[in-house]
Amino acid sequence: MGYVLNFYREPSFRKIEMELGLTRPEIVTLIFLNFREGVTASDICEFSGHLKANISRGIIALEKKKLLRRDTDRADNRRQLLFITPAGRALYAQYIPALREREQAMLACLTRTERKEFERLLDKLADHVPHWAALDEL
Numbered sequence: 001m002g003y004v005l006n007f008y009r010e011p012s013f014r015k016i017e018m019e020l021g022l023t024r025p026e027i028v029t030l031i032f033l034n035f036r037e038g039v040t041a042s043d044i045c046e047f048s049g050h051l052k053a054n055i056s057r058g059i060i061a062l063e064k065k066k067l068l069r070r071d072t073d074r075a076d077n078r079r080q081l082l083f084i085t086p087a088g089r090a091l092y093a094q095y096i097p098a099l100r101e102r103e104q105a106m107l108a109c110l111t112r113t114e115r116k117e118f119e120r121l122l123d124k125l126a127d128h129v130p131h132w133a134a135l136d137e138l
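As numbered in the UniProt record's numbering, the sequence shown has no gaps in its residue numbers, which increase by one up to the final residue, 138.
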């Protein structure tokens, strides 16, 4: 899986880094916030597998660039909730088509039936993440 993912992610993220000046944690944060806002840095770490320090630096940089904003959680003043700004959404819209295009190229060798099965299996794996992700086997 890592081999295939590296050929998908690495060239795409390098291009985004060079052309748009975003770091990987910034890219991942904007992707996450585009689909789900009002989350914490910890939520993004859990989703992405990135270290909290890296995501925190990315969030600080995105906030300085006015691509996201933080609001204090009214239920818990210690928590900062993150929201993508219109500028952040516009920047996301600049790089997501290339990521989708690369994904389509990666999946082009699969038939429609194989793609549906692949998506079903990925969903099954994703649903199972909480059961194994915390295992400290390394």
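We put the CB at the ideal spot given by N, CA and C, even for glycine.
- DSSP places L67 in no beta strand (DSSP E); its state is neither H nor E.
- By the neighbour-count criterion, in which 16 or more other beta carbons inside 10 Å mark a residue as buried, C45 falls on the buried side.
- Scanning its chain for C-beta atoms nearer than 8 Å, with the 5 sequence neighbours on each side dropped, one finds around R70 the residues I59, E63, Q80, L81, L82 and F83, in chain order.
- With a minimum length of 3 residues, the unbroken runs of beta strand (DSSP E) contained wholly in the UniProt domain "HTH marR-type" (1-127) fall at 68-73 and 76-84.
- The residue from A98, P97 and L33 with its alpha-carbon nearest to that of I55 is L33.
- Per the Cβ contact rule, the segment 1-16 is in contact with the segment 91-108 (3 or more Cβ pairs under 8 Å).
- I16 and L22 do touch by the CB rule: their CB atoms are close to 6 Å apart, below 8 Å.
- Nearest in C-alpha terms to R74, of all of V39, L99, T85 and L121, is V39.
- One thing to note: F118 has its Cβ within 8 Å of the Cβ of L110.
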